[in-house]
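Take a look at the structure below.
Protein chains: 2
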Amino acid sequence: MFKKVLIAEDQDDINIGLHTELKKLGILEIDQVKYCDDAYLKIQRGIFDKKPYDILITDLSFEADYREQDYKSGEELVRVLRKKQIEIPIVVYSVEDNSEKVRRLIHTYNVNGYVCKGRKGTKELIKALYHVYKTSAKYLSPKVANAKQNTINNDITDYDTLLLKKLSEGLSQKQISQYFLEHEIIPSSLSSVEKRLNKLKDILRANNPAQLIAIAKDAGFI
Amino acid sequence: MFKKVLIAEDQDDINIGLHTELKKLGILEIDQVKYCDDAYLKIQRGIFDKKPYDILITDLSFEADYREQDYKSGEELVRVLRKKQIEIPIVVYSVEDNSEKVRRLIHTYNVNGYVCKGRKGTKELIKALYHVYKTSAKYLSPKVANAKQNTINNDITDYDTLLLKKLSEGLSQKQISQYFLEHEIIPSSLSSVEKRLNKLKDILRANNPAQLIAIAKDAGFI
DNA sequence: CTTTCTTTTAAGGCTTACCGTAAAAATTAC
DNA sequence: GTAATTTTTACGGTAAGCCTTAAAAGAAAG
C-alpha cells in the first residue's frame with residue numbers, strides 16, 4: 000500500500016476522520032494540510048528531498064479566509080501540479096457530483112480517482128486507494144461513474160454559467176448582450192443570449208428566468 | 000460534561016472525526032445516525048427508556064438515497080422535536096452560514112447552538128458543547144454571530160416566502176395570483192402579487208425576478 | 001353611522017421576455 | 001474556388017413583467 004500520503008482538506012473533522020481511517024490501513028506517514036498552497040509546497044519539498052508523496056488526496060472546495068492563497072481550489076491545485084509535470088497520483092475527494100467537473104478532472108488533469116463524500120465516502124476512498132495502488136485504471140464513485148465517457152456532453156458550459164451568473168446579478172437579457180459585447184465574449188447578440196437561455200431552460204426544465212436561477216443555484220452551477 | 004450524546008450526520012468521515020474527538024472529552028455514550036428518521040426514533044426511545052440523550056448534534060443537509068425518509072433535513076428533524084415538546088438541547092453543525100437560517104433555528108426552534116463546519120469546526124463544536132452545558136445562552140460560530148439579532152429581516156413574512164417559493168417554482172405572477180385565489184390566501188389579486196414582489200425587490204435590492212430568487216436563495220428564505 | 005385611512009383590486013401604457021422565422025456570417029465539406 | 005451546414009444575428013408579433021393612477025373594499029376612529 001501507499002506509505003506516504005498527503006491530504007489537502009480544510010474541514011478539520013474530516014481530517015480527523017481520514018487520519019483515523021488511514022492509520023488503520025497501516026499508512027505510516029500521513030500529512031494533512033488545510034490550504035492548497037501548503038499542499039503544493041509540501042509536494043515540491045517532497046520531490047526536492049527525494050522523499051516524494053506516494054499519493055495526494057484532495058478536496059475541491061476550500062473556504063477562503065484571511066490567508067491569501069495562490070491556489071484557491073482543489074482544481075487549481077491539480078492544474079498547477081499537472082502543468083509543472085508533477086505526475087503524483089491524485090484522488091479527488093469531494094461532495095461535488097457534477098459530471099462535467101469530474102470529466103474535466105479525469106480527462107484534462109488526469110486524476111486517478113474521484114470519490115464522492117457521503118454516507119460511504121471513506122469506504123469508497125479506501126477502495127479507491129487500493130484500486131489506484133494496484134491498477135492504472137481510474138476509480139470513480141458509483142454516483143459519478145457515468146462521467147467516464149467523454150462523449151455525451153449536453154451539459155453546461157462556461158459560457159452558460161457566466162450567462163446564469165449575470166442573470167442572477169440582475170442584468171436583463173439586453174444588458175447581458177451588451178456586457179458580452181464589451182467583454183468580447185461571443186456570441187454576444189441579444190438573439191444569441193435568448194437562444195442560449197432557452198436551451199438552458201430546456202435542459203434544466205425551467206419555465207422562466209426566476210425558476211432557472213432557482214434550479215441553477217440548487218444544482219450548484221452558480 | 001454531557002454523558003449521552005446523539006450525532007445525526009450522514010458523512011461517514013465526519014462521523015469518525017467527531018467520534019474520535021468527543022471520546023477524548025470523556026463522553027462515554029456517543030450514538031451516531033446517518034438519517035434524521037433514525038435520530039428521531041432514537042431520541043424517542045431514549046425518553047421511553049428513561050435514559051434520554053443529554054444533547055443532539057445535528058447536520059442540516061442529508062443526502063437523499065434509496066431509503067424513504069419522513070424527515071429529510073436537520074431543520075425538519077429539529078422542527079418535529081420542538082413540535083412534540085421534546086426539549087432536548089440541540090447544537091446544529093453545518094457548513095451553511097446564511098444568517099436567516101441560523102436566525103430561524105435559534106429563534107423559532109430554539110436550538111442551543113449553531114456551529115459552522117470548517118477549518119476549526121470541531122474545536123468550535125467542543126466549545127459550543129461546554130458552553131451549552133454550562134450556560135443557558137446560545138452558542139454561535141463567529142461566522143454567524145450576527146444572526147443573534149432578530150430585528151433586521153422582520154419585513155419578510157410567511158406570505159412573502161410562499162410568494163418567493165412559487166416564483167422559484169416557475170409560476171408566473173398571474174399563476175401565483177390564481178394559486179392564491181384557489182388556496183384562499185389573501186391578498187390574491189395580480190396587482191397585490193405585483194406590489195408585494197415590488198416591495199421584496201426593494202428590500203432585497205433586486206432588479207428583476209431572477210435576481211430576486213438568487214438573493215432569496217443565498218439569504219436562505221427559500 | 002359617517003369619516004378617514006389603509007388595504008386590495010382594477011386598468012392603462014410601456015418595457016422586457018418569449019418564440020418563430022429568416023437573413024447574414026462563419027465553418028465545414030467537396 | 002463553390003456548395004452545404006452550422007452558428008450568429010436581426011426582426012416582428014404575442015405574452016409577461018413593470019409602473020403609475022385610481023377605484024373599490026375593509027378597518028379604524030370619531
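Those sequence lines, one after another, are chains A and B. The first sequence begins at 0 in numbering that gives the first Met the number 0 and counts up one residue at a time. The second sequence begins at 0 in numbering that gives the first Met the number 0 and counts up one residue at a time. Using N, Cα and C, we set each Cβ at its ideal position, and we do this for glycine too.
Distance, Cα to Cα, residue i vs residue j?
i                      : j                      : result
residue 149 of chain A : residue 86 of chain A  : Caution is warranted here: a pLDDT of 48 is assigned to residue 149 of chain A, below 50, making its placement in the model unreliable, and no coordinate value can be reported.
residue 120 of chain A : residue 11 of chain A  : 16 Å
residue 203 of chain A : residue 125 of chain A : 34 Å
residue 80 of chain A  : residue 191 of chain A : 37 Å
residue 26 of chain A  : residue 16 of chain A  : 14 Å
residue 134 of chain A : residue 112 of chain A : 11 Å
residue 72 of chain B  : residue 36 of chain B  : 10 Å
residue 82 of chain A  : residue 57 of chain A  : 17 Å
residue 173 of chain B : residue 161 of chain B : 15 Å
residue 92 of chain B  : residue 114 of chain B : 5 Å
residue 151 of chain A : residue 14 of chain B  : Caution applies to residue 151 of chain A, whose pLDDT of 39 falls short of 50 and renders its modelled position unreliable; the value that the coordinates give is listed next. If I take the Cα positions, the gap works out to 36 Å.
residue 180 of chain A : residue 193 of chain A : 15 Å
residue 156 of chain B : residue 220 of chain B : 10 Å
So with Cβ pairs under 8 Å, would you call residue i a contact of chain B?
i                      : result
residue 19 of chain A  : yes
residue 149 of chain A : Summary for residue 149 of chain A: the model assigns pLDDT 48, below 50, so the residue's position carries little reliability; its value from the coordinates is reported in the next sentence. No, residue 149 of chain A lies away from the interface with chain B (no Cβ there is under 8 Å from its Cβ).
residue 152 of chain A : Note that residue 152 of chain A scores a pLDDT of 43, beneath 50, so its modelled location is shaky and nothing firm can be said.
residue 13 of chain A  : yes
residue 97 of chain A  : no
residue 160 of chain A : no
residue 6 of chain A   : no
residue 212 of chain A : yes
residue 78 of chain A  : no
So, with DSSP's three-state summary, where would you put residue i?
i                      : result
residue 188 of chain A : coil
residue 171 of chain B : coil
residue 214 of chain B : helix
residue 120 of chain A : helix
residue 57 of chain B  : strand
residue 104 of chain B : helix
residue 83 of chain B  : coil
residue 219 of chain B : coil
residue 193 of chain A : helix
residue 26 of chain B  : coil
residue 3 of chain A   : strand
Starting from the Cα of residue i, find the closest Cα among the options and give me that residue.
i                      : options                    : result
residue 51 of chain A  : A/24, A/5, A/74            : A/5
residue 166 of chain A : A/209, A/131, A/56         : A/209
residue 185 of chain B : B/159, B/170, B/199, B/206 : B/159
residue 137 of chain A : A/169, A/44, A/36, A/101   : A/101
residue 104 of chain B : B/94, B/131, B/90, B/116   : B/90
residue 55 of chain B  : B/188, B/98, B/2, B/94     : B/2
residue 76 of chain A  : A/94, A/98, A/110          : A/110
residue 141 of chain A : A/129, A/116, A/156        : A/116
residue 176 of chain A : A/189, A/45, A/183, A/182  : A/189
residue 118 of chain A : B/146, B/118, B/66, B/127  : B/66
residue 206 of chain B : A/168, A/211, A/218        : A/168
Quick one: is residue i near chain A, going by C-beta distance under 8 Å?
i                      : result
residue 102 of chain B : no
residue 10 of chain B  : yes
residue 166 of chain B : yes
residue 208 of chain B : yes
residue 16 of chain B  : yes
residue 81 of chain B  : no
residue 223 of chain B : Since the first residue shown for chain B is 0 and the last is 221, residue 223 of chain B is missing from the structure and cannot be characterised.
residue 195 of chain B : no
CB residue i to CB residue j, shorter than 8 Å?
i                      : j                      : result
residue 213 of chain A : residue 216 of chain B : yes
residue 47 of chain B  : residue 9 of chain B   : no
residue 108 of chain A : residue 78 of chain A  : yes
residue 63 of chain B  : residue 32 of chain B  : no
residue 170 of chain A : residue 199 of chain A : no
residue 59 of chain A  : residue 20 of chain A  : no
residue 178 of chain B : residue 0 of chain B   : no
residue 22 of chain B  : residue 30 of chain B  : no
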